[in-house]
Each structure stands twice: as structure tokens, then as C-alpha cells.
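Quick note: the sequence shown uses this note's numbering, first residue 587, plus one each step.
A virtual CB, placed ideally from N, CA and C, is assigned to each residue, including glycine.
Here the structure is laid out as C-alpha cells; the discussion comes afterwards.
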Amino acid sequence: MDIVRHCHIDFWETPRQRQWVAKLEDRFLKKERQIIDIQIQEFLQKGIISRSIFQEEQIISPIFLRPKPDGSHRVIFNLKSLNDSVVYQHFKLDTLEKAIQLVRPGCYMASLDLKDAYYSVPIALEQQRYLKFLWRGVLYQFQCLPMGLTSSPPLFTKLLKPVFGHLRAQCRISCTGYIDDSLYLGETVQECMTNIHTAVQLFISLGFHIHPKKSVIVPSQSIEYLGFVLSSVTMTVKLTDAKISKYVKLCKGFLTVYKKHKIRDVASLIGKLTSTFPGVQYGPLHYRHLEQDKTEALKQCGGGYEAPMVLSNASLRDLQWWVTNLDTAFRNIHIGEPECIVHTDASLTGWGAKCERMSAQGIWSSGEKCRPINYLELLAIQCGLQSLCRVHHDCHIRILSDNVTAVTYINAMGGSKSEGCDILATEIWDWAITRQVWLSAVHTPGAENTEADSLSRNLNPNLEWSLTDRAFTRILEDFCFTPSVDLFASRLNHKLETYVSWKPDPFATFIDAFTIDWGPHSFYAFPPFCLHVGGSSSSLQGNQIELDAPLIPPGPSPQLSTGITSMQGIRESLVSSGISANIADVILSSWRQGTIKQYNVFLKKWTEFCLSRQTNSLSSSVPLVLEFLHHLYTQGYSYSSLNTARSALSALCLSSQAHSESDAIGKHP
């Protein structure tokens, strides 16, 4: 009740006049003085201020004019000196985000603006001495809560809290308020009209005045609120046209190359750009170069905001983005549930990622190992997304990481503390934006991130073999040949920009060289050593190309099939096990082409699996085969596919082991 009857300002010390306020009239233009004269007369008529006399311990503060959006002006109290004595109050405002959360598809909205809201709160008589100003030789004092006092927003918010509480709890109204602005929602036009009518009656009964020009009492599915346009039809938030024009013009003024600007002006620009983020979805990606330039300029000049500075090319590119995109920028109100969830983790050895039944992993390069762990965690996110989500478009992907910094950099679209992490986070978001993918990151305890953690640690560094750059260049020169694709490569050892990896890889153009047609490509091939059957050279069907050396074919490329992944490989293994060539041909000819194609797929994967275990692919055991089948299952293969894989291995093991062993594999449950 203290706020309602005689509001007291909470001071931590007795305020004192620190500086005498000089005559103010000379600081204003003639037109401005006339505006202030009119405002003072209106204040006197409304009882907002009263004439006063000089008193002990009084505080006289200057006043200034602030333009309103409608073209008029508002007289503001410059209470900077008095605010130093006011107790800081931490309080929570219902911001635009609260309003956005209330919007539902197709709902209707209306808004109210309270006229002279602060001036409806009376100040205790004994404290009015601290709220004085001098104009044309006459001393005035505020009798009501003034604008410019740091405690005015929390005091007024506290005053209206029970009002909105009553509207929500007793009247069942969906609403939110920000100081003197409030928003009301309803599923239908009638419901929204009822809500707004109830709110108007309540505010009037409490002595408040509704501003008719600023209020929107006719329900609409698109409404301007706190400088943004909320739409329940498109479910988006946008800047108003006036703000778009204002900020585009502002950015253009900073785009001149090599032009010097005051650090204070750049800081003001940054503040204005960040204020647009609720309606500019990707705005956070395009302001940090400005922040970095400002910080560096302050360091060089010793902290003076009036010093000049020059914007970097990166900052100019960011400003150009705002000029080009601001008029079409928006922010989605609801992103929706994630389509897939990716678990990622990084160790000092490598990275790992898991998405449903798919997984990916890799080791760090020598340069990457020197990076801080926060950077590696972000790099693990990048590698995981680009390896496992390469086919995802127009969806929401959620990242689970046990690193708080990485989670923060993803959700904030970058950061200012680490330039490396900021660049990496920007690259991750650029990848997502090109696919119209929305990213969200959530922290998960390390104890619950076991699969990704295991993938990041259980790595075989001996798999990353490649020719030296010098040897590779010499081969190209000797053959006078320029290949277009590296068939057997990875993120760390590829020799060409376009390459094919063995397993999911963040930057590979294709996965698994044996599942694509080599014909259209001029390729370079340095195949893994596991493709050598029995330690001898194996040839690709079609053109005979040796696989025990780096390869650059002179003519058309062969089609798929090599080593034990081809029927010819099985035939050779059958013969080597003591079966005659004629019998082997009969066995193979009994298989249908569809069976051969199915077997080829799983024999190739078996070869890869044995390589990862450093095991001979022609010698097997039931436990190893069961482990392989479980590996296929975790990759999403069905039970019928697992039976096909088991049959393929049974045929292969028949060629290399005793019949009892192959029978065990073929008949094992």
C-alpha cells in the first residue's frame, strides 16, 4: 500500500547536491524551450509537479527532451546524480520473450497502453525535495514517480504485479505486461474482445487512464508490441517497418571504408543491433566483429569512448549483411521438436558422435591436438553434425554435449571470449543455415554421455595412412594426370578437395567408394591394406588395376568389386581351400544375381569391420561374427538384413575354415 498512497524511494545514503545546476534555458533552441513551457503547464494542470521553494537537503536536477515515436517530445529528468544514492533493486520484467511464448497459431491479440503511467504513483511528501528542477527562474518539484529514476521501473512493475495476477488467475486471461504496455490474447475474436474489455474495466476502476491512440482494442492476428510485429498466422516476430528503415540507414552510415567513427557511436550501434535479436533470427552471427573492433580500439586508446576508430573489413561485411537482409529478417516463434538428437564428445585424442543407431569418430590432427578442449568440443560438434546429419534439411537438430562452453557458443551463435570458438560456431551455423536447419544445444552430464565419450577415445590412429605431398605431386607429374576425386581418404589424409571416405566423415563428398559408380570420375586411389587378399595383389573387374600401390588409372574407371567383396574373390578363396575350380564355379553359378549383390554389400562391410579390429577377414569365429552382426544392428539394419549378412559370411568362411566352423556360423541362432 505504500506504493499506492505515498511511494518512498529507497536510498542507501542521504542524497546530496554534488553539483550546482546552471541555467538550463540557454541550452535549448527556441522551439525546444516552447515545448518545455507547454509540458510544464500540462504537468501543473495534472498535478504531476508543483511550484516549490528552496529547502535544505534538496536536490535540483537538470531536464532534457526525448523525442517520441509519434513526433512529439517527452520531458525527462536527468537524475544521474540522485540515482547514485538509490538502492539497486534486482527485479524481473515480463519481456517480449514472455509475450512470444503466449502466442499460439491462429490466436487473436490486442494491447493496452496506460497513459502517464508513472505519474499515477504519488511520491511521499518528505522525499519530493529530492525531485526538483529549475526552469526560467522558477523551482518545481515532482509529486509523482518521475521518468529517469532507476527505481521507477521496479516500483511500477511491483504495483501492477497483483493486477496482472488477478487477470490471469481470477479472470483466466492470457496476458503479459511490460511497464505501461500490456498484451492480451484469445483463441477467438470474441474471447480476445472479452479479455481486453475486462482488462480495460479493471484498469479504469484502479484509477489508470487508457491511451486510446496507442492501444489496439480490436483483436488482430498481427499486432505491434514493444517495437516488434507478432503474427499468429506466420508464427513469426519481425521488426516494425519504421525500425527497419531506421537501422538500415544507421548501418549505411558506417559502411564507408576507412572512415573514422567515435568508439561511442560504434558502441551505440552495437546496442541497437543487439536489441533487434528478438525479431532477427540470425542477427547474433553478424555483430561480433564490431564488438571485437570496439574492444581493440578501447585497448589502444586507454578506454576513452570519444577516441576515433576504423572498422575492419569483417565488420563492414557484417554491416552489409544487416543492410541487405534486415527488411526480410524474422524469427520463428516456435521451432518445434527436434527431428534428431546428436550426442557428441571430444577427448585429447579424437572426437565421437552418436545419432540414433549411427555413429562417427575420428582422430585429431597434430595441429588440432594443441587446441583448448573447449575448441575441440565445438569441433566435435561440427564433425558429428556434418558426418551424421548430411541428409537432413528443413528440420530441428538438437546437440547433447557435456561441455558447457560448447553448448553456450551454439545457442548464442558465437561468443566474444574466444575468437577461435566464435569462428567455429559461425561455421557450424553457416552449415545449418544453408540446409534450413535449426540447432539447439543442451548440456548433458558426462556420466550420461558414455557412447560419444567412448567413440572419442577408442580410436586406432594407425588407420590414417597416406602418401606424402611430395610423393603425390611427383606421381601426378609422372603420369601427366589430374584426378578429380580421392577414392579412399578421410578428413585428415585426403589429397583432393573431393574425396570419398570409408565411414561417415564431416567433409567427404561420398561415403564408401564401393557404393558409387567410378565411371564418371578421374580418380586417385590409395586403398586400405585390407583389400589385399592373402597378401597378394587383387585386381578390380573391368580394367586391371593393381591395388598394392597408389593408383591413377589411365582410362575409364572400373565398376565396384574387389578382394573378398566380389564373387571372384570368393571363388579364389574356395579354390585355395581345396575345392576344385569346376566345383567352385557350380557353387557360384547357383546364386542369383540379387543374392550376389546382397552378399557383396555385407562382405565389403565385413572387410571394413575386420580392418578396424586388425583381424584377418578370411579367418573368423562365431564370437567375432556375432559382434559384427551387432555392429550392423546398431547401424540400423533389420533382422532380415542380418540374416543375409550371416549367410554371406557363412559362404566366405566355408572357403577358409573347416566345415564345422562355417556350419556354426550358418546355423548359429
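C-alpha gap between residue i and residue j, whole angstroms
i	j	result
V928	V993	13 Å
V590	I709	9 Å
S1248	S1233	Unreliable positioning characterises S1248 in this predicted model, as indicated by a pLDDT of 43, which lies under 50. The coordinate reading is nonetheless provided below. Approximately 10 Å, taken between the alpha carbons.
Q641	P601	13 Å
H1118	T881	Note that H1118 scores a pLDDT of 47, beneath 50, so its modelled location is shaky; the value from the coordinates is reported in the next line. So the alpha carbons of these two residues sit roughly 59 Å apart.
H783	D702	20 Å
L615	E628	20 Å
V724	H592	25 Å
L1235	L934	37 Å
L731	S738	7 Å
P924	I983	5 Å
K829	T991	33 Å
L665	V834	32 Å
E1034	D1055	42 Å
Q714	Y674	20 Å
D699	L897	40 Å
I1138	F1096	Reliability of the predicted coordinates at I1138 is poor, the pLDDT of 41 falling under 50, and the value obtained from them is presented with this limitation in mind. I1138 and F1096: Cα-Cα distance of roughly 19 Å.
V977	E942	14 Å
C757	F794	19 Å
Q620	I759	44 Å
P1090	F1067	29 Å
I595	F863	34 Å
Q603	E618	26 Å
E1213	D980	36 Å
Y961	S1042	15 Å
I1061	S1108	15 Å
E1194	G1222	17 Å
S1241	G922	In this prediction, S1241 scores a pLDDT of 43, lower than 50, which makes its location untrustworthy; the coordinate-derived value is nonetheless stated afterwards. Taking the straight line from one Cα to the other gives about 54 Å.
K832	Y1085	48 Å
I662	M821	37 Å
W606	Y705	26 Å
Residues sharing a beta bridge with residue i, DSSP
i	result
N918	T822
K846	V896
M733	Answer by DSSP bridge pairing: none, since M733 is not bridged.
I949	G936
A1075	S1087
T762	L769
C1066	According to DSSP, C1066 bridges with nothing at all.
T930	A939 and S987
D699	D767
K718	I646 and Q727
S658	In DSSP, S658 forms no bridge with anything.
I1257	No statement about residue 1257 is possible, as the shown extent of the chain runs from 587 to 1255 and does not include it.
Nearest to residue i (by Cα), restricted to the options the options
i	options	result
G1032	N989, T1068 and L1053	N989
A1038	D1098, W937, F1093 and S1026	W937
C926	F1109, T1181, V1023 and T1193	V1023
L1073	C1196, Q603, D1103 and Y1185	D1103
G1105	Q727, S1087, P648 and V1071	V1071
G953	S1227, W598 and L965	L965
H872	N997, L986, T1193 and A900	A900
V819	P1114, P691, L1215 and Y1225	P691
A1027	A1011, T1036, Q631 and L668	A1011
F840	G865, I595, L1215 and W908	W908
L816	L792, Y1223 and A685	A685
S1002	Q906, A939 and D879	D879
E683	Q631, V823 and G751	V823
I645	L1053, S671 and F1093	S671
Sub-8 Å separation of residue i and residue j beta-carbons
i	j	result
Y811	L769	yes
T736	F677	no
S697	I765	no
L1082	E1050	no
Q856	E877	The sequence shown places Ile at residue 856, rather than the Gln named in the question. In contact: I856 and E877 (Cβ atoms closer than 8 Å).
P805	Y891	no
L1210	T1220	no
G948	C969	yes
S973	T1030	no
T762	L688	yes
R874	D1008	yes
L610	L720	yes
W1017	L1045	no
T930	I996	no
F728	I634	yes
L1228	P1114	no
For residue j and residue i, believed in contact at Cβ under 8 Å, the rounded distance
i	j	result
I967	I1014	6 Å
F1100	K1190	5 Å
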